[in-house]
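Trainee:
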Amino acid sequence: MDKSLSEKLDAFEKLGTPVWYYDLEVLSETIETLKAIAGDKGIAIHYALKANPDERIVAMMAAAGFGADCVSGGEVALAAKQGIPADRIFYAGVGKTDREIRESIDLGVRFNVESLEELYVVNAFAGEMGKTARVSLRLNPNVDGRTLKYITSGLHDNKFGLPPHDVDSAIEMLKASGNIVFEGLHFHIGSQITSVRKVFGELCGKVREAVRYFEERGIDVKCINLGGGLGIDYENPSKSPDFEGWLGTIAEGLKDLRPRTIELEPGRSLVAGCCSLISRVLFVKHGENKDFMILDAGMSELLRPALYGSFHLIENLSAEAERKAFREQSLYDIVGPICESSDTWGRDRRMPLSVRGDVVAIRSAGAYGKSMSSTYNLRAQAPTIWSDEI
0 MDKSLSEKLD AFEKLGTPVW YYDLEVLSET IETLKAIAGD KGIAIHYALK ANPDERIVAM
60 MAAAGFGADC VSGGEVALAA KQGIPADRIF YAGVGKTDRE IRESIDLGVR FNVESLEELY
120 VVNAFAGEMG KTARVSLRLN PNVDGRTLKY ITSGLHDNKF GLPPHDVDSA IEMLKASGNI
180 VFEGLHFHIG SQITSVRKVF GELCGKVREA VRYFEERGID VKCINLGGGL GIDYENPSKS
240 PDFEGWLGTI AEGLKDLRPR TIELEPGRSL VAGCCSLISR VLFVKHGENK DFMILDAGMS
300 ELLRPALYGS FHLIENLSAE AERKAFREQS LYDIVGPICE SSDTWGRDRR MPLSVRGDVV
360 AIRSAGAYGK SMSSTYNLRA QAPTIWSDEI
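Sequential numbering from 0 applies to the sequence shown in numbering that gives the first Met the number 0.
(1) Using 8 Å as the threshold, is the stretch 68-80 in touch with the stretch 248-257, meaning 3 or more CB pairs across them?
(2) Taking K130 and I104 to be in contact with their CB atoms under 8 Å, please state how far apart those CB atoms are, rounded to whole angstroms.
(3) Quick one: Cα of I277 to Cα of V359, how far?
(4) Measuring only the C-alpha atoms, how far is R303 from V166?
(5) State the DSSP-derived secondary structure class of A438, mapped to helix, strand or coil.
(6) Tell me the start and end of each unbroken alpha helix (DSSP H) in the stretch 285-332 that is at least 4 residues and wholly inside, in chain order.
(7) So for I104, helix, strand or coil by DSSP?
(8) With H, G and I counted as helix, E and B as strand and the rest as coil, what does DSSP make of D4?
(9) Please list the terminal residues of the continuous beta strand (DSSP E) segment that includes F124.
(10) Whole-angstrom Cβ separation of K33 and I44, contact assumed at under 8 Å?
(11) Buried or exposed: which applies to S353, given that a residue is buried once 16 or more other Cβ atoms fall within 10 Å of its Cβ?
(12) Please check the pair P140 and F186, which I expect to be a contact at CB under 8 Å, by giving their CB distance rounded to whole angstroms.
(13) Here's the rule I'm using: 16 or more other beta-carbon atoms within 10 Å means buried, otherwise exposed. How should D53 be labelled?
(14) With DSSP collapsed to three states, give me the class of V354.
(15) Using only CA atoms, which one of L8, A67 and S239 lies nearest to F110?
(16) Using only alpha-carbon positions, find the residue among E102, M128 and G94 that is nearest to V112.
(17) Can you tell which of N376, F124 and F199 has the C-alpha that lies nearest to the C-alpha of S176?
(18) If we ignore side chains and look at the alpha-carbon of each, how far apart do E102 and L301 end up?
(19) Counting C-beta neighbours from all protein chains within 10 Å, is the total for C203 16 or more, i.e. buried, or is it exposed?
(20) Relative to the alpha-carbon of L294, which residue among P265, V334 and L115 has its alpha-carbon at the smallest distance?
(21) Nearest-angstrom Cα distance between S190 and L229?
(22) Can you tell me which of the three DSSP states G247 falls into?
(23) Along the beta strand (DSSP E) that carries V112, what are the first and last residues, could you check?
(24) Cutting at 8 Å between CB atoms, please list the residues of its own chain near I389, excluding the five before and the five after it.
(25) With distance defined between alpha-carbon atoms, name the residue in I261, E215, A271 and E214 nearest to E234.
(26) Within 9 Å (strictly less), CB to CB, does D295 reach chain D?
(27) Nearest to R348 by alpha carbon, out of L77, G38 and N315?
(28) According to DSSP, A47 sits in a beta bridge with which residue or residues?
(29) Spatial neighbours of F65 within its chain, please: C-beta separation below 7 Å, excluding the five flanking residues on both sides.
(30) Going by DSSP, name the residue or residues bridged to F282.
(31) Counting C-beta neighbours from all protein chains within 10 Å, is the total for L377 16 or more, i.e. buried, or is it exposed?
(32) Let's see if you can read the secondary structure: which residues bound the beta strand (DSSP E) around V57?
(33) Going by the DSSP bridge assignment, what does Y21 pair with across the sheet?
(34) Using the rule of at least 16 other Cβ atoms within 10 Å of the residue's Cβ for burial, across every protein chain shown, is P336 buried or exposed?
(35) For I188, which option in D219, I231, G107 and E201 has the closest C-alpha, if you only look at C-alpha atoms?
(36) Once DSSP output is grouped into helix, strand and coil, what is the label at N141?
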């Protein structure tokens, strides 16, 4: 048996399953790779906390010099707690509460404002507090990210961003608002985008038009933020994200807009690959038409497959470590224990012949896994273990 795999299996046995397993080496390498490419392209990076707000991860992003993209007051507070400077914390989201707005004004973070009413409220609250608020406008560019309909956010049918018919009113409000410092324009068109050059090339064209439109009307655009969205290969978890293609496309597409600051907000591409959800086979059930592999991890841990129908590669670690020479395989519907038919990891998956007690790894679980987990069915939250703790 491979010694490192044997040690991991022993650790999972002691801790119990399900458990989140983070590979520190993979995470560190991914951060350093993006940091180097971003430095070369002259692009500022802000980590999207919604992908995974684990405090150790956020601290590593802060140590790398990354800023933070936040979508709640709680995320803003966590970013500040981990040492990210307020001027590098962006607060986005269509539904900021009054309390969250006031606390963020007081902290001095930058707002990505998504509606005329929000712009009015931020200006009014800042005036009441005797402060100024730093603001960018999030525009809806009507660019199709060619991704799942559930995670697209740049079309006119989506709730995000300022629609084109409100842009002129927003410009007039910016000119009349005495408690706002305008920073720039923000765009985010969706998540898990793999057609990088086509989609972001199109977006860069819309960005150039928007900057020209604002500046022709007397509004100076200092910063341009294209959000996040870079996809990963869920079928090949060891494949590195295409940071070079993503940042290269944007740097080339916006080269005429320098020396304005160009910003990006990656989340999934930074953290998805460093984590596996470790689970155990509870039962193998032979149905009339299907064989079911029933795991002790379900949609309460990792919601994406039930919510989106998303794919995650699943590996039988016990078979790899202990029965490598035994090559018989079978087709399984891999399911979880939750009392919902949608609690399914995958249908007709070809796997090594699996038995009760086998340990499996659900790969690429570092993004939108732990951050979306719940206690549905009154299930306990899965613990976390890092590779340097084994």
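Just so it is clear, CB atoms sit at the ideal spot from N, CA and C, and this is done for glycine as well.
Mentor: Short version:
(1) no
(2) In the sequence shown, counting from the first residue as 1, residue 130 sits at position 131. In the sequence shown, counting from the first residue as 1, residue 104 sits at position 105. About 6 Å; that satisfies the 8 Å criterion.
(3) Translated into the one-based positions of the sequence shown, residue 277 becomes position 278. Translated into the one-based positions of the sequence shown, residue 359 becomes position 360. Rounded to the nearest angstrom, the two C-alpha atoms are 6 Å apart.
(4) For the purposes of this step, residue 303 is identified with residue 304 of the sequence shown, where counting begins at 1. For the purposes of this step, residue 166 is identified with residue 167 of the sequence shown, where counting begins at 1. Their backbone Cα atoms lie some 35 Å apart in a straight line.
(5) For the chain, the structure presents residues 0 to 389; residue 438 sits outside this window and is missing.
(6) 303-307 and 316-321
(7) Against the sequence shown, residue 104 aligns to sequence position 105. Three-state DSSP puts I104 in a helix.
(8) Position 5 of the sequence shown holds residue 4. The sequence as given places Leu at residue 4; Asp does not occur at that position. Three-state result, L4: helix.
(9) Working through the sequence shown from its first residue, we reach residue 124 at position 125. That residue, F124, is in no beta strand (DSSP E); its alpha helix (DSSP H) goes L115 to E127.
(10) The sequence position of residue 33 within the sequence shown is 34, counting from 1. The sequence position of residue 44 within the sequence shown is 45, counting from 1. The question names Lys, yet the displayed sequence has Leu at residue 33. The pair is a contact, with the Cβ atoms about 6 Å apart (cut-off 8 Å).
(11) The residue you call residue 353 lines up with position 354 of the sequence shown. Counting Cβ neighbours within 10 Å, S353 comes out buried, since at least 16 surround it.
(12) Here residue 140 corresponds to residue number 141 of the sequence shown, with the count starting at 1. Here residue 186 corresponds to residue number 187 of the sequence shown, with the count starting at 1. About 6 Å; that satisfies the 8 Å criterion.
(13) Within the sequence shown, residue 53 is the residue found at index 54, counting from 1. By the 10 Å Cβ count, D53 comes out buried.
(14) Within the sequence shown, residue 354 is the residue found at index 355, counting from 1. Coil.
(15) As a first step, residue 110 must be located in the sequence shown, where it is residue number 111. Each of L8, A67 and S239 was checked against the Cα of F110, and the nearest Cα belongs to A67.
(16) Working through the sequence shown from its first residue, we reach residue 112 at position 113. Minimum Cα distance to V112 is reached at G94.
(17) Walking along the sequence shown from the start, residue 176 turns up at place 177. The shortest C-alpha separation from S176 is found at F124.
(18) Counting from one through the sequence shown, the residue named residue 102 turns up at place 103. Counting from one through the sequence shown, the residue named residue 301 turns up at place 302. Roughly 31 Å separates the two Cα atoms.
(19) Walking along the sequence shown from the start, residue 203 turns up at place 204. Its Cβ being crowded by 16 or more others within 10 Å, C203 is buried.
(20) Taking the sequence shown and counting its residues from 1, one reaches residue 294 at position 295. Nearest C-alpha to L294: V334.
(21) Residue mapping note: residue 190 aligns to position 191 of the sequence shown, counting from 1. Residue mapping note: residue 229 aligns to position 230 of the sequence shown, counting from 1. If I take the Cα positions, the gap works out to 7 Å.
(22) Along the sequence shown, one-based indexing puts residue 247 at 248. Reduced to three states, the DSSP call for G247 is helix.
(23) Walking along the sequence shown from the start, residue 112 turns up at place 113. V112 -> beta strand (DSSP E) spans R109 to V112.
(24) Within the sequence shown, residue 389 is the residue found at index 390, counting from 1. Closer than 8 Å at Cβ, skipping near neighbours: E6, K7 and A10.
(25) Mapped onto the sequence shown, residue 234 falls at position 235. The residue with the shortest Cα to Cα distance from E234 is A271.
(26) The structure shown has no chain D; it contains just one protein chain.
(27) Locating residue 348 in the sequence shown gives position 349, where the first residue counts as 1. The shortest Cα separation from R348 among L77, G38 and N315 belongs to N315.
(28) Stepping through the sequence shown from its first residue, residue 47 is reached at position 48. DSSP lists D68 as partners of A47.
(29) What you label residue 65 is simply residue 66 of the sequence shown in a count that begins at 1. So the qualifying residues of the chain are I44, H45 and Y46.
(30) In the sequence shown, counting from the first residue as 1, residue 282 sits at position 283. Paired residue(s): I293.
(31) Taking the first residue of the sequence shown as 1, we reach residue 377 at position 378. So L377 counts as exposed.
(32) In the sequence shown, the residue the question calls residue 57 occupies position 58. Premise fails: V57 lies in the alpha helix (DSSP H), E54 to A62, not in any beta strand (DSSP E).
(33) Your numbering for residue 21 matches position 22 in the sequence shown. Answer is C274 and W385, bridged to Y21.
(34) Counted from its first residue, the sequence shown places residue 336 at position 337. The residue in question, P336, is buried, as its Cβ has 16 or more Cβ neighbours within 10 Å.
(35) Taking the first residue of the sequence shown as 1, we reach residue 188 at position 189. Checking every option, the nearest Cα to that of I188 belongs to E201.
(36) Translated into the one-based positions of the sequence shown, residue 141 becomes position 142. N141 falls in the coil class under three-state DSSP.
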